[in-house]
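Some notes on the structure that comes next.
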Amino acid sequence: MSSHPIKLSNTSVAELRDKVVTPAYDRGALEHHTVHIGVGGFHRAHQAVYLDDLLAMPDAERWGECGMGVLSSDDRMRDALLGQDCLYTLVERSGEAQRARIIGSMTAFIYAPDARETAIEKMADAATRIVSLTITEGGYFLDEGSGRFLAEHPAIQHDLEQRSEPASWLGLVAAALDRRRQRGMPAFTVMSCDNLQGNGDVTRKVLLAFTEMLDPGLQAWIGEHVAFPNSMVDRITPATTAADLAFVAERFGIVDAWPVVTEPFRQWVVEDHFSSGRPAWERLGVELVGDVAPYEIMKMRLLNGSHLAMAYLGALHGFAYVHDIMGDPVFRSFIERFMEQVTPIVPKIPGTSLPEYKRTLIERFANPTINDQVTRICSEGSAKMPKWLLPSIQDLRNEGGATDLLSLVVAAWIFYFYRGVDEAGRPLEIVDARAAELTSAARAEGLDPRPMLAIRSIFGENLPTDAAFVSAVEMAMRKLAADGVRSTVSCYL
Ligand code: CS2
Numbered sequence: 004m005s006s007h008p009i010k011l012s013n014t015s016v017a018e019l020r021d022k023v024v025t026p027a028y029d030r031g032a033l034e035h036h037t038v039h040i041g042v043g044g045f046h047r048a049h050q051a052v053y054l055d056d057l058l059a060m061p062d063a064e065r066w067g068e069c070g071m072g073v074l075s076s077d078d079r080m081r082d083a084l085l086g087q088d089c090l091y092t093l094v095e096r097s098g099e100a101q102r103a104r105i106i107g108s109m110t111a112f113i114y115a116p117d118a119r120e121t122a123i124e125k126m127a128d129a130a131t132r133i134v135s136l137t138i139t140e141g142g143y144f145l146d147e148g149s150g151r152f153l154a155e156h157p158a159i160q161h162d163l164e165q166r167s168e169p170a171s172w173l174g175l176v177a178a179a180l181d182r183r184r185q186r187g188m189p190a191f192t193v194m195s196c197d198n199l200q201g202n203g204d205v206t207r208k209v210l211l212a213f214t215e216m217l218d219p220g221l222q223a224w225i226g227e228h229v230a231f232p233n234s235m236v237d238r239i240t241p242a243t244t245a246a247d248l249a250f251v252a253e254r255f256g257i258v259d260a261w262p263v264v265t266e267p268f269r270q271w272v273v274e275d276h277f278s279s280g281r282p283a284w285e286r287l288g289v290e291l292v293g294d295v296a297p298y299e300i301m302k303m304r305l306l307n308g309s310h311l312a313m314a315y316l317g318a319l320h321g322f323a324y325v326h327d328i329m330g331d332p333v334f335r336s337f338i339e340r341f342m343e344q345v346t347p348i349v350p351k352i353p354g355t356s357l358p359e360y361k362r363t364l365i366e367r368f369a370n371p372t373i374n375d376q377v378t379r380i381c382s383e384g385s386a387k388m389p390k391w392l393l394p395s396i397q398d399l400r401n402e403g404g405a406t407d408l409l410s411l412v413v414a415a416w417i418f419y420f421y422r423g424v425d426e427a428g429r430p431l432e433i434v435d436a437r438a439a440e441l442t443s444a445a446r447a448e449g450l451d452p453r454p455m456l457a458i459r460s461i462f463g464e465n466l467p468t469d470a471a472f473v474s475a476v477e478m479a480m481r482k483l484a485a486d487g488v489r490s491t492v493s494c495y496l
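Set out below in structure tokens:
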């Protein structure tokens with residue numbers, strides 16, 4: 004406990020050395036070999052931390068990163084980071100310990116809405132070797148149901164019409180690659196770190212679809228020169244709260260405008276396929292593999308799928324935190340059973356024990372100290388459902404496996420929009436880009452889920468015409484309405 008908390012900055016960081024781990028390297032000497040688009044909690048708890056660890060190792064390359072925001076709402080992160088020389092506090096919390104450290108691997112931040120030219124030139128700069136992305140699962144301009152590129156999206160239309168003034172991440176990255184091509188420079192790697200299956204392949208697909216419309220010569224060059232490694236990334240990172248800021252000030256004596264709180268666990272599996280080199284991540288236990296698909300599928304179906312399984316049932320029941328859900332024996336058994344139901348369509352990975360993986364997940368979900376918010380895992384379900392749950396249902400249906408628990412999860416999602424309040428009558432805090440449309444579909448025919456299931460851009464072509472699936476969802480919805488969440492959940496066990 005410090006009586007005089009210190010505002011984090013390049014000059015004050017030395018004074019914090021006896022309280023927390025601080026960067027043990029010369030930040031001024033770093034080169035921006037990575038430009039990262041979409042600096043949020045997850046990036047700052049994952050990729051930037053791996054880099055910080057690497058920089059602290061003997062003989063490390065001076066590989067630093069420049070953060071970049073492309074959305075107007077990124078001004079908050081810009082202000083927080085630039086106010087403290089891009090340093091920030093990372094708090095790792097388990098039931099046993101809380102550790103804080105200052106991360107120093109990011110040394111600049113560009114806010115593209117005010118500095119388009121600077122943003123493009125930064126990526127076109129010879130120092131840049133990787134442009135990485137965490138732009139959320141819904142940020143790829145794809146129709147979720149069919150996988151089609153959304154050329155008609157207003158942001159894409161803007162970037163096609165105002166060619167010299169791109170604003171979306173796609174337009175900016177394409178412009179930077181074009182300059183490199185014109186200047187005879189090597190390409191950078193584009194590395195997605197979002198939770199979508201084949202995240203590199205998806206990124207490649209949308210960049211090629213976009214540049215096909217922009218300039219076929221550029222498209223061909225990108226197709227030939229740019230690497231798009233697929234990856235599986237994992238670290239549960241709740242949204243930062245005012246209580247976290249107060250905690251960092253009181254416990255560690257640091258005034259930090261936007262610290263990050265995360266769990267001790269982290270994992271990263273990446274395809275070793277880069278256009279212009281990469282940091283020596285293997286020194287830190289990052290798994291560099293030829294095919295990342297089995298890891299991605301395992302993680303999305305078990306971890307992210309379980310999050311969806313607890314999110315809407317949990318919110319409707321009135322739980323605020325993930326660990327509260329896991330502390331309730333009925334819900335905990337439901338999540339264990341949910342994972343069992345999904346297991347037949349999870350690939351076997353040599354050297355990875357699935358029972359052990361699932362046990363660890365239950366422990367991570369139950370971590371009582373990170374306070375992972377149910378509202379966070381509920382958010383943007385329209386982008387998450389088609390990636391983390393619906394493919395599991397489809398595969399299980401194809402293979403003749405049971406899907407009753409998964410159908411209940413779909414029903415709970417629809418019911419969440421239908422009801423709009425939890426069981427205590429408190430309004431649900433719904434965060435979804437498509438909330439208005441989903442709410443009206445969920446309410447269109449009373450407890451009939453069909454209008455919602457008919458949204459092809461979420462549910463695709465097959466599931467809405469699968470009569471057994473549709474009636475399972477309808478039955479579950481009616482049961483939720485008649486008996487309430489807890490009794491419905493117990494009935495499915
Ligand atoms: C979560 C993920 O957004 C969500 O709903 O499932 O953010 C999850 O915490 C991470 O993927 C963990 O690596």
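For the sequence shown, my numbering assigns the number 4 to the initial residue and increments by one for each residue that follows. Heads up, the beta-carbon is just placed ideally off N, CA and C, and yes, glycines get one too.
Give the C-beta separation of residue i and residue j to the nearest angstrom, bearing in mind that I take them to be a contact with Cβ-Cβ under 8 angstroms.
i, j, result
"VAL24", "LEU90", "About 12 angstroms; that fails the 8 angstroms criterion."
"ILE106", "VAL42", "Contact flag wrong, Cβ pair sits at about 12 angstroms."
"PHE191", "ARG132", "6 angstroms"
"LEU305", "LYS361", "6 angstroms"
"ILE380", "HIS310", "4 angstroms"
"LEU85", "ILE257", "With 8 angstroms as the limit, LEU85 and ILE257 do not qualify as a contact, their Cβ atoms being about 17 angstroms apart."
"SER195", "HIS228", "With 8 angstroms as the limit, SER195 and HIS228 do not qualify as a contact, their Cβ atoms being about 17 angstroms apart."
"VAL377", "GLY317", "5 angstroms"
"PRO394", "ILE461", "The Cβ separation is near 12 angstroms, so there is no contact."
"THR37", "LEU136", "Between LEU136 and THR37 the Cβ distance is about 11 angstroms, and since that is not below 8 angstroms, they are no contact."
"PHE231", "VAL193", "5 angstroms"
"VAL333", "SER493", "5 angstroms"
"PRO488", "LEU319", "A small fix is needed here, since residue 488 is Val in this sequence, not Pro. Indeed they touch by this definition, with Cβ atoms about 5 angstroms apart."
Confirm, please, whether the CB-CB distance from residue j to residue i is below 7 angstroms.
i, j, result
"ARG81", "GLY72", "yes"
"LEU163", "MET216", "yes"
"LEU175", "ALA212", "no"
"GLU95", "THR265", "yes"
"ALA457", "PRO467", "yes"
"PRO8", "ALA252", "yes"
"MET301", "ILE338", "no"
"GLY463", "LEU392", "no"
"THR240", "ALA100", "no"
"ARG30", "THR92", "no"
"ASP435", "GLU383", "yes"
"ASP197", "GLU140", "yes"
"TYR315", "ALA438", "no"
"TRP261", "ALA83", "yes"
"PHE420", "THR406", "no"
"PHE268", "VAL325", "no"
"MET235", "VAL289", "no"
"GLY404", "PRO358", "no"
"ALA115", "ALA179", "no"
By the three-class DSSP mapping on this structure, what secondary structure does residue i have?
i, result
"HIS39", "strand"
"LEU483", "helix"
"SER195", "strand"
"CYS494", "helix"
"SER135", "strand"
"VAL424", "strand"
"ILE338", "helix"
"LEU54", "helix"
"MET455", "helix"
"TRP391", "helix"
"LYS361", "helix"
"MET4", "Only weak support is given to the placement of MET4: the predicted model assigns it a pLDDT of 48, under 50, and the question is left unresolved by the model."
"GLY72", "strand"
"GLN222", "helix"
"GLY354", "coil"
"ALA323", "coil"
"LYS208", "helix"
"THR214", "helix"
"ILE373", "coil"
Taking the DSSP output, what are the residues bridged to residue i?
i, result
"ASP237", "GLN270"
"ALA103", "VAL94"
"MET301", "For MET301, which the question treats as bridged, DSSP gives no partner whatsoever."
"GLU290", "VAL272"
"PRO430", "VAL424"
"GLY67", "HIS35"
"ILE417", "ILE417 pairs with nothing; no bridge assigned."
"PHE1", "Any question about residue 1 goes unanswered here, given that the chain covers just 4 to 496."
"PHE152", "LEU145"
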